[in-house]
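**Q** Sending over a structure as structure tokens; questions will come in a sec.
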Amino acid sequence: MANLKSAIKRNRQNKKRRLRNRVYRGEARTYIRDARASMLAENLEDARVSTLKAVKALDKAAEKGIIHKNNAARRKSRLMKQLNALEKQNA
Numbered sequence: 163m164a165n166l167k168s169a170i171k172r173n174r175q176n177k178k179r180r181l182r183n184r185v186y187r188g189e190a191r192t193y194i195r196d197a198r199a200s201m202l203a204e205n206l207e208d209a210r211v212s213t214l215k216a217v218k219a220l221d222k223a224a225e226k227g228i229i230h231k232n233n234a235a236r237r238k239s240r241l242m243k244q245l246n247a248l249e250k251q252n253a
């Protein structure tokens with residue numbers, strides 16, 4: 163437990179930030195999971211829509227500094243790669 167006044171304040175700030183960051187990180191995870199599920203079900207139209215939502219959520223999280231920009235880029239790249247493979251398969 164923190165004893166110093168500055169450490170107590172730092173703990174309060176960290177708690178607020180952690181709760182705020184969870185929203186954006188969780189949103190991105192949810193959209194990624196939905197995108198992958200629709201790709202596994204081979205539902206092309208749903209896969210496109212959910213992938214775009216996931217990309218948007220990842221961009222927002224990276225913009226706010228919740229995840230690193232390269233982390234977001236890597237995840238977006240993998241999602242788009244899967245989507246493109248599904249589109250080629252159904253073409």
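Numbering (my numbering), first residue to last: 163 to 253.
Beta carbons are placed, not taken as given, at the ideal position from N, Cα and C, and that holds for glycine.
Please read all numbers here as calculations on a predicted model, not as lab measurements.
Going straight from the alpha carbon of I194 to that of A247, what length do you get?
**A** Stepping through the sequence shown from its first residue, residue 194 is reached at position 32. Stepping through the sequence shown from its first residue, residue 247 is reached at position 85. Approximately 16 Å between the Cα atoms of the pair.
**Q** Mark V185 as exposed unless 16 or more other C-beta atoms lie within 10 angstroms of its C-beta, in which case mark it buried.
**A** Residue 185 sits at position 23 when you count from the first residue of the sequence shown. Exposed.
**Q** Is DSSP giving A253 helix, strand or coil here?
**A** Stepping through the sequence shown from its first residue, residue 253 is reached at position 91. Reduced to three states, the DSSP call for A253 is coil.
**Q** Helix, strand or coil for A197, going by three-state DSSP, please let me know.
**A** Here the question's residue 197 lines up with position 35 in the sequence shown. Three-state result, A197: helix.
**Q** Shortest alpha-carbon distance to L220 belongs to which of K243, A203, K171, R236?
**A** Locating residue 220 in the sequence shown gives position 58, where the first residue counts as 1. Of the candidates K243, A203, K171, R236, the one whose C-alpha sits nearest the C-alpha of L220 is R236.
**Q** Considering Cα atoms alone, identify which of I228, A190, A253, E249 is closest to R179.
**A** As a first step, residue 179 is located in the sequence shown; it is residue number 17 there, counting from the start. If we check each option's Cα against that of R179, I228 comes out closest.
**Q** Go ahead and label S200 buried or exposed: buried means 16 or more other beta carbons lie within 10 angstroms of its beta carbon, across all protein chains shown.
**A** Walking along the sequence shown from the start, residue 200 turns up at place 38. Buried, by the Cβ-count rule.
**Q** Using 10 angstroms around the beta-carbon of A197, count the other beta-carbons present and answer buried if the total reaches 16, otherwise exposed.
**A** Your numbering for residue 197 matches position 35 in the sequence shown. A197 should be labelled buried.
**Q** Which residue comes first and which comes last in the alpha helix (DSSP H) that contains K226?
**A** Stepping through the sequence shown from its first residue, residue 226 is reached at position 64. Premise fails: K226 is in no alpha helix (DSSP H) and is neither H nor E.
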